[in-house]
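Engineer: One line per chain: the protein sequences are A and B, in this order. Plus 5 on top of the position in the first sequence (first one is 1) and you've got our numbering. Plus 5 on top of the position in the second sequence (first one is 1) and you've got our numbering.
2 protein chains.
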Amino acid sequence: MITRVGIPSVWESTAEKYREAFIVCLLHQIPRSGSGMNPSMSGAVFTAQDPRTGAILGSYADADDETIATACRQAADAAPALRDDHLRVALLRESARMLRAAGPELHELCGRETGLPPARLEGELERTCVQLELMADVVAEGSYVEAMIDTADPSAPVAPRPDLRRMLIPIGPVAVFGASNFPYAFSVAGGDTASALAAGCPVVVKAHPSHPGTSGQVAAIVLAAVEEVGLPSGTFSLVHGASSRVGEALARGEEIEAVAFTGSLGGGRALFDVAASRPRPIPVFAEMGSVNPTLITPAALRERAAAVAEGLTASVTGGTGQFCTKPGVVLVPEGDAGASFVDEVVRRLEAVEPAPLLNARIHEALREAVAELDDDPDVERLTRGGDAGANRGAFLHAPVAYSVDGAVAAGRTDLLQERFGPLVLFVRYEGIDAAADVVDALEGQLTATVHAEGEELDDLRPIISRLEQKAGRVVFDGFPTGVAVTYAMQHGGPYPATTAPAHTSVGTTAIRRFQRPVTWQNAPVGVLPEALLDDNPLGIWRAVNGQLTRDPV
Amino acid sequence: MITRVGIPSVWESTAEKYREAFIVCLLHQIPRSGSGMNPSMSGAVFTAQDPRTGAILGSYADADDETIATACRQAADAAPALRDDHLRVALLRESARMLRAAGPELHELCGRETGLPPARLEGELERTCVQLELMADVVAEGSYVEAMIDTADPSAPVAPRPDLRRMLIPIGPVAVFGASNFPYAFSVAGGDTASALAAGCPVVVKAHPSHPGTSGQVAAIVLAAVEEVGLPSGTFSLVHGASSRVGEALARGEEIEAVAFTGSLGGGRALFDVAASRPRPIPVFAEMGSVNPTLITPAALRERAAAVAEGLTASVTGGTGQFCTKPGVVLVPEGDAGASFVDEVVRRLEAVEPAPLLNARIHEALREAVAELDDDPDVERLTRGGDAGANRGAFLHAPVAYSVDGAVAAGRTDLLQERFGPLVLFVRYEGIDAAADVVDALEGQLTATVHAEGEELDDLRPIISRLEQKAGRVVFDGFPTGVAVTYAMQHGGPYPATTAPAHTSVGTTAIRRFQRPVTWQNAPVGVLPEALLDDNPLGIWRAVNGQLTRDPV
Numbered sequence: 006m007i008t009r010v011g012i013p014s015v016w017e018s019t020a021e022k023y024r025e026a027f028i029v030c031l032l033h034q035i036p037r038s039g040s041g042m043n044p045s046m047s048g049a050v051f052t053a054q055d056p057r058t059g060a061i062l063g064s065y066a067d068a069d070d071e072t073i074a075t076a077c078r079q080a081a082d083a084a085p086a087l088r089d090d091h092l093r094v095a096l097l098r099e100s101a102r103m104l105r106a107a108g109p110e111l112h113e114l115c116g117r118e119t120g121l122p123p124a125r126l127e128g129e130l131e132r133t134c135v136q137l138e139l140m141a142d143v144v145a146e147g148s149y150v151e152a153m154i155d156t157a158d159p160s161a162p163v164a165p166r167p168d169l170r171r172m173l174i175p176i177g178p179v180a181v182f183g184a185s186n187f188p189y190a191f192s193v194a195g196g197d198t199a200s201a202l203a204a205g206c207p208v209v210v211k212a213h214p215s216h217p218g219t220s221g222q223v224a225a226i227v228l229a230a231v232e233e234v235g236l237p238s239g240t241f242s243l244v245h246g247a248s249s250r251v252g253e254a255l256a257r258g259e260e261i262e263a264v265a266f267t268g269s270l271g272g273g274r275a276l277f278d279v280a281a282s283r284p285r286p287i288p289v290f291a292e293m294g295s296v297n298p299t300l301i302t303p304a305a306l307r308e309r310a311a312a313v314a315e316g317l318t319a320s321v322t323g324g325t326g327q328f329c330t331k332p333g334v335v336l337v338p339e340g341d342a343g344a345s346f347v348d349e350v351v352r353r354l355e356a357v358e359p360a361p362l363l364n365a366r367i368h369e370a371l372r373e374a375v376a377e378l379d380d381d382p383d384v385e386r387l388t389r390g391g392d393a394g395a396n397r398g399a400f401l402h403a404p405v406a407y408s409v410d411g412a413v414a415a416g417r418t419d420l421l422q423e424r425f426g427p428l429v430l431f432v433r434y435e436g437i438d439a440a441a442d443v444v445d446a447l448e449g450q451l452t453a454t455v456h457a458e459g460e461e462l463d464d465l466r467p468i469i470s471r472l473e474q475k476a477g478r479v480v481f482d483g484f485p486t487g488v489a490v491t492y493a494m495q496h497g498g499p500y501p502a503t504t505a506p507a508h509t510s511v512g513t514t515a516i517r518r519f520q521r522p523v524t525w526q527n528a529p530v531g532v533l534p535e536a537l538l539d540d541n542p543l544g545i546w547r548a549v550n551g552q553l554t555r556d557p558v
Numbered sequence: 006m007i008t009r010v011g012i013p014s015v016w017e018s019t020a021e022k023y024r025e026a027f028i029v030c031l032l033h034q035i036p037r038s039g040s041g042m043n044p045s046m047s048g049a050v051f052t053a054q055d056p057r058t059g060a061i062l063g064s065y066a067d068a069d070d071e072t073i074a075t076a077c078r079q080a081a082d083a084a085p086a087l088r089d090d091h092l093r094v095a096l097l098r099e100s101a102r103m104l105r106a107a108g109p110e111l112h113e114l115c116g117r118e119t120g121l122p123p124a125r126l127e128g129e130l131e132r133t134c135v136q137l138e139l140m141a142d143v144v145a146e147g148s149y150v151e152a153m154i155d156t157a158d159p160s161a162p163v164a165p166r167p168d169l170r171r172m173l174i175p176i177g178p179v180a181v182f183g184a185s186n187f188p189y190a191f192s193v194a195g196g197d198t199a200s201a202l203a204a205g206c207p208v209v210v211k212a213h214p215s216h217p218g219t220s221g222q223v224a225a226i227v228l229a230a231v232e233e234v235g236l237p238s239g240t241f242s243l244v245h246g247a248s249s250r251v252g253e254a255l256a257r258g259e260e261i262e263a264v265a266f267t268g269s270l271g272g273g274r275a276l277f278d279v280a281a282s283r284p285r286p287i288p289v290f291a292e293m294g295s296v297n298p299t300l301i302t303p304a305a306l307r308e309r310a311a312a313v314a315e316g317l318t319a320s321v322t323g324g325t326g327q328f329c330t331k332p333g334v335v336l337v338p339e340g341d342a343g344a345s346f347v348d349e350v351v352r353r354l355e356a357v358e359p360a361p362l363l364n365a366r367i368h369e370a371l372r373e374a375v376a377e378l379d380d381d382p383d384v385e386r387l388t389r390g391g392d393a394g395a396n397r398g399a400f401l402h403a404p405v406a407y408s409v410d411g412a413v414a415a416g417r418t419d420l421l422q423e424r425f426g427p428l429v430l431f432v433r434y435e436g437i438d439a440a441a442d443v444v445d446a447l448e449g450q451l452t453a454t455v456h457a458e459g460e461e462l463d464d465l466r467p468i469i470s471r472l473e474q475k476a477g478r479v480v481f482d483g484f485p486t487g488v489a490v491t492y493a494m495q496h497g498g499p500y501p502a503t504t505a506p507a508h509t510s511v512g513t514t515a516i517r518r519f520q521r522p523v524t525w526q527n528a529p530v531g532v533l534p535e536a537l538l539d540d541n542p543l544g545i546w547r548a549v550n551g552q553l554t555r556d557p558v
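(1) How many whole angstroms separate the CB atoms of B/A406 and B/V429, which I take to be in contact at a CB cut-off of 8 Å?
(2) At 9 Å on the CB atoms, spell out the chain A contacts of B/E461, in chain order.
(3) Three-state secondary structure (DSSP) at A/T491?
(4) Give the residues of chain B in contact with A/E131, contact being defined as C-beta atoms less than 9 Å apart.
(5) Out of B/L104, B/V488, B/W525, B/R555, state which residue places its alpha-carbon closest to the alpha-carbon of A/A161.
(6) How far does the alpha helix (DSSP H) with A/L462 in it extend, from its first residue to its last?
(7) Chain A beta carbons: is any one of them nearer than 9 Å to that of B/M103?
(8) Going by C-alpha distance, which of A/H496, A/E435, A/A319, A/V335 is nearest A/D341?
(9) What three-state label does DSSP hand B/E260 in the structure shown?
(10) Just reading off the beta strand (DSSP E) that A/R521 is part of, what are its end residues?
(11) In whole angstroms, what separates the C-alpha of A/A457 from that of A/Q495?
(12) Please confirm whether B/D82 and B/P237 have their CB atoms less than 9 Å apart.
(13) In the DSSP assignment, find the unbroken alpha helix (DSSP H) run with B/L537 in it and report its ends.
(14) Quick check on the burial criterion: 16 or more other C-beta atoms within 10 angstroms. Buried or exposed for B/I261?
(15) Quick check: what's the CA-CA separation for A/T514 versus B/D419?
(16) Alpha carbon to alpha carbon, how far is B/A124 from B/E113?
(17) Give the residues from the region 524 to 552 of chain B that approach chain A closer than 8 Å (Cβ to any Cβ), ordered along the chain.
(18) Please report the Cβ distance between B/G239 and B/P284, rounded to the nearest whole angstrom; I am assuming they are in contact, meaning their Cβ atoms lie under 8 Å.
(19) For the region 272 to 286 of chain B, which residues have a beta carbon sitting closer than 7 Å to at least one beta carbon of chain A?
(20) Verify the CB distance criterion: does A/H508 have a CB-CB separation below 9 Å to chain B?
(21) Examine chain A for any beta-carbon lying closer than 9 Å to the beta-carbon of B/D556, and answer yes or no.
(22) Under 9 Å between C-beta atoms, does B/Y189 make it to chain A?
(23) So with CB distances below 7 Å, who are the chain B contacts of A/L169?
(24) Which runs of the alpha helix (DSSP H), 4 residues or longer, sit entirely within the region 240 to 298 of chain A?
(25) Check this for me: beta carbons of B/P298 and B/V335, under 9 Å apart or not?
(26) Can you tell me whether A/C30 is buried or exposed? The criterion is at least 16 other CB atoms within 10 Å of its CB, across all chains shown.
(27) Among all the DSSP beta bridges, which residues are the ones paired with A/K211?
(28) If A/E118 and A/A53 are in contact, beta carbons under 8 Å, what's the gap, nearest whole angstrom?
(29) How far does the alpha helix (DSSP H) with B/Q136 in it extend, from its first residue to its last?
(30) Going by Cα to Cα distance, which pick from B/V480, B/A314, B/V234, B/F187 is closest to A/T524?
See below:
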């Protein structure tokens, strides 16, 4: 049962429309009064807390199985209406417009639920809106269906070739799992939702229990936009849940065709296993994090140690170290220059105020990681600050840095795992071959970063090549945090960074996750989609007999 | 131990050289005499049989675990060399040239192992060569890496945008499982191998035990081409195996990054489950078959019943009904026209001589399917002929047709499953809504076919739309068998037709299965691949700031 207790009381939108839509959104999920409790109702209730104080902000109930099944069914029913590109463009743009308008109110609650400062929330909401609009632009342009036309060829080699016309169509309803660490950009109306809607897929979101109020508000806005543009309400829905039962039930939803997830390795793998074990398996696009190895060379230190130290500190502590792309493992040269660089970073880290983690679980996991590394004889603790909030109920923690010898790290893959929060492990390497050994010990990564000078590139080529094999994005002389929403972005990587290395969850090609090709053979004109008509009425790029063109056939 | 001793240094297509390579290919799978059994060696030996007579043609040993591990390791070692597009183009073209030259000899053994007639084998080998050459053309043209460049934009919305350059790179070693029913085109040097090599991935083939000799011969030719063009021998290897242990060991191979499979639902799903349960899961592109529903309308029967009957008969019996795209469920209108059409097809089917199934297992499965349908009170047997070989050791069977009422079929999905071999089930429907109910009962399909007249299209739109949702290819006024190797082909479809509906195993986009994107951020020129350099030295299509162009940046 999705009662979303307490949301209306905090929902103070000036736009009457939102409130109406939101109430509808609530009501259509709630079993008719008098129907009693669903037998599958777990009754689990969870609370949202202010990470800065530990204060309870509201109580929410896990969705029951019937609610989840209804959301999936309504999504499937809405799918045909979503084939209209114009309506989806309107939905994406209207959602962005409404979200922008609601910014101040959203940030108020979101700040309380996440502990994130206003400037960050403003930037993130704008990013979320830009993302929705960029997806709308891609759909409006139209070439995203990758149309291909092979004209009939009676004298083709082997056998006469029929007329074949291929394009990508939406796969069907998508289950999106909101992330805790980006309450807008990777959550209810974030990149997964934007790209699924762009592809033409209805979306059922499982809200992250860390910011359920914000999730409800954003969902209400998207639903208002759905109503505004005239799409069926099943186009988009939201279910709450803190227990894994809710996520599993959604991933098992009969009508669900794909899962998009951003979160922990444990959570992503669990969903992957559920989806793979269905009678009809479905793909899971899980982005599960990374240590984002960063290699700093002697020449880079010689030329710009201070700048790298400043940037690295910001990259490690931004968002309280809770970005998927936080540099968690930093390779620095043995010797004086490396030691003094590390000292400089440590000084800077110690000057950063303890900041709130997003929730009690993440706070506790960081405390455990710190305790474990403190006890590890191979690892040296470099910073003094630590937990700074538990004793008064808040989820505050200071930045933490450790150091380990490269030869040791190369043999201990357990050290090279993601630790969420403002924690960095320096790995001291003696020469580039030793650094390469550490790289070889790494698993799949979202990103890899190299700070080097041109004179070193020839020597670095083998290690760069290894990093390309391990990661989805290779950054030079910069920092991996900050994932631009654009065409050529790749936010993904080999397992365990993701469960789908061939795809990205940021950038315009994220749409491809939710499309599949269909070929029409010798189809009459009345049957063909517009994208495949001879005269190319949409004016899109198409491969005609293998040649890209916007010309008519 | 994959020693590949004695593969001729330069392959000459004389009978003598050919035989040498073939013998070596056999031997390298069989433990040296006196070397003792490997502990992991199952010792399983299997035989190839002539389906026309049941005669034993040769004995082969299952690969042991060490052989499989060696093949995988050598494949991984070969991967860097395969990044050279020119060498891969040469390999694909040279393989085609050598296969063509070896045609007559290949067909001799292949005909014995498969029972397929010479004309079919000649056509299939040519198709295989054309496929290799088309893949070579795509690699030579170069745009298949889908290069994208976003130039730096300091004033981008939200945050300054770095220079981002993205392209697809090969994923790494691919395990290819040869199919029984296309001993060339979907086997050792078939579409999966061709597209994996085109992508830049080394290949380890698990030969289908139904034609091990042919597999060995083809492998020897590909290996000779590998040597000829100067690629490492790990580029391509072949392991034999009749037990599921071999396939499982290969799919679990540490270095394997993807599995490509064509075969049964049971086999494909088993591999999918193995791959999904790995510590590091990998994708499985399994093409598992289909009933290829075919809808015939009253107007189509009015206009051209005889032509449809003739084409359908050929499509059902071609390759002894062992095409993945064989029309297995044919919807015909209730009433006189439908009845007389069915009679006509039955007459034609009964005139087709019993033909050999590919192997004892397929023959037995068909006999069981026939026995089961014969016993089914809902189903009416229409043809007289049946098993025509078992009593003398051959795997011959006559074409078989059944009929069932549409209302019954709509409630019995068990009837709407693939039955391999020359078997067709006619489903009689009373009006288009009843036909739609049958379509709704279908699972995912490789193809769906509609025989109709223009005047009916408006009424048919809803059912056509449903067929598009169920299938990868929708055929109009034709037959689904015959899958053109070209750009716009889609040979795939929703589960259980495949485990990867977003992909195709035929056509040039099959290459995409074996690629993943990498983005370089602010990379120095010396690090960037040629495809991403400003001046576009390869002259390929690239999306620059979202606009397709071949111009320099």
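We treat Cβ as the ideally placed atom computed from N, Cα and C, and that holds for glycine.
Structural biologist: In short:
(1) As a first step, residue 406 of chain B is located in the second sequence; it is residue number 401 there, counting from the start. As a first step, residue 429 of chain B is located in the second sequence; it is residue number 424 there, counting from the start. Between B/V429 and B/A406 the Cβ distance is about 5 Å, and since that is below 8 Å, they are a contact.
(2) Within the second sequence, numbered from 1, the residue matching residue 461 of chain B stands at position 456. Result: empty, since nearest Cβ-Cβ is about 10 Å, beyond 9 Å.
(3) Start at 1 with the first residue of the first sequence, and residue 491 of chain A comes out as number 486. It is coil, neither helix nor strand.
(4) The sequence position of residue 131 of chain A within the first sequence is 126, counting from 1. Within chain B, the residues near A/E131 are P162, V163.
(5) Walking along the first sequence from the start, residue 161 of chain A turns up at place 156. Ranking the options by Cα distance to A/A161, first place goes to B/V488.
(6) Start at 1 with the first residue of the first sequence, and residue 462 of chain A comes out as number 457. That run of the alpha helix (DSSP H) goes 462 to 475.
(7) Walking along the second sequence from the start, residue 103 of chain B turns up at place 98. Closer than 9 Å: no.
(8) Looking up residue 341 of chain A in the first sequence gives position 336. Of A/H496, A/E435, A/A319, A/V335, the residue nearest in Cα terms is A/E435.
(9) As a first step, residue 260 of chain B must be located in the second sequence, where it is residue number 255. Taken through DSSP and simplified to helix, strand or coil, B/E260 comes out as coil.
(10) Taking the first residue of the first sequence as 1, we reach residue 521 of chain A at position 516. That run of the beta strand (DSSP E) goes 520 to 526.
(11) Sequence index remark: in the first sequence, residue 457 of chain A carries index 452 (1-based). Sequence index remark: in the first sequence, residue 495 of chain A carries index 490 (1-based). Going from the Cα of A/A457 to the Cα of A/Q495 covers about 22 Å.
(12) To locate residue 82 of chain B, count along the second sequence from 1; it is residue 77. To locate residue 237 of chain B, count along the second sequence from 1; it is residue 232. Taking 9 Å as the Cβ cut-off, B/D82 and B/P237 qualify as a contacting pair.
(13) The residue labelled residue 537 of chain B in the question sits at position 532 within the second sequence. Premise fails: B/L537 is in no alpha helix (DSSP H) and is neither H nor E.
(14) Within the second sequence, residue 261 of chain B is the residue found at index 256, counting from 1. Burial call: buried.
(15) Stepping through the first sequence from its first residue, residue 514 of chain A is reached at position 509. Stepping through the second sequence from its first residue, residue 419 of chain B is reached at position 414. Each residue's alpha carbon lies about 39 Å from the other.
(16) Numbered from its first residue, the second sequence carries residue 124 of chain B at position 119. Numbered from its first residue, the second sequence carries residue 113 of chain B at position 108. Approximately 12 Å, taken between the alpha carbons.
(17) T524, W525, Q526, N527, A528, P529, G531, V532, W546, A548, N550, G551
(18) Along the second sequence, one-based indexing puts residue 239 of chain B at 234. Along the second sequence, one-based indexing puts residue 284 of chain B at 279. Contact doesn't hold; Cβ gap of about 23 Å is too wide.
(19) If you check each beta-carbon in the region 272 to 286 of chain B against every beta-carbon of chain A, the ones closer than 7 Å belong to F277, A281, R285, P286.
(20) Residue 508 of chain A sits at position 503 when you count from the first residue of the first sequence. It does: the Cβ of A/H508 has a partner Cβ on chain B nearer than 9 Å.
(21) What you label residue 556 of chain B is simply residue 551 of the second sequence in a count that begins at 1. Answer no: the Cβ-Cβ gap between B/D556 and chain A never drops below 9 Å.
(22) Reading the second sequence from its first residue, position 184 is the one you call residue 189 of chain B. No, its Cβ sits nowhere closer than 9 Å to a Cβ of chain A.
(23) On the first sequence, position 164 is the one that residue 169 of chain A refers to. Ordered by position in chain B, the residues that pass the 7 Å Cβ test against A/L169 are A489, T491, A493, M494.
(24) 249 to 256, 270 to 281
(25) Looking up residue 298 of chain B in the second sequence gives position 293. Looking up residue 335 of chain B in the second sequence gives position 330. Taking 9 Å as the Cβ cut-off, B/P298 and B/V335 qualify as a contacting pair.
(26) By one-based count along the first sequence, residue 30 of chain A stands at place 25. Low confidence applies to A/C30: its pLDDT is 40, below 50, so where it sits in the model is not reliable, and the reading given next is rough at best. Result: buried.
(27) Reading the first sequence from its first residue, position 206 is the one you call residue 211 of chain A. Paired residues: A/F182, A/V244.
(28) The count along the first sequence starts at 1 and reaches residue 118 of chain A at position 113. The count along the first sequence starts at 1 and reaches residue 53 of chain A at position 48. Yes, A/E118 and A/A53 are in contact; Cβ-Cβ is about 5 Å, under 8 Å.
(29) Taking the first residue of the second sequence as position 1, residue 136 of chain B is located at position 131. 123 to 146 is the extent of the alpha helix (DSSP H) around B/Q136.
(30) Numbered from 1 along the first sequence, position 519 holds the residue referred to as residue 524 of chain A. Cα-wise, what sits closest to A/T524 is B/V480.
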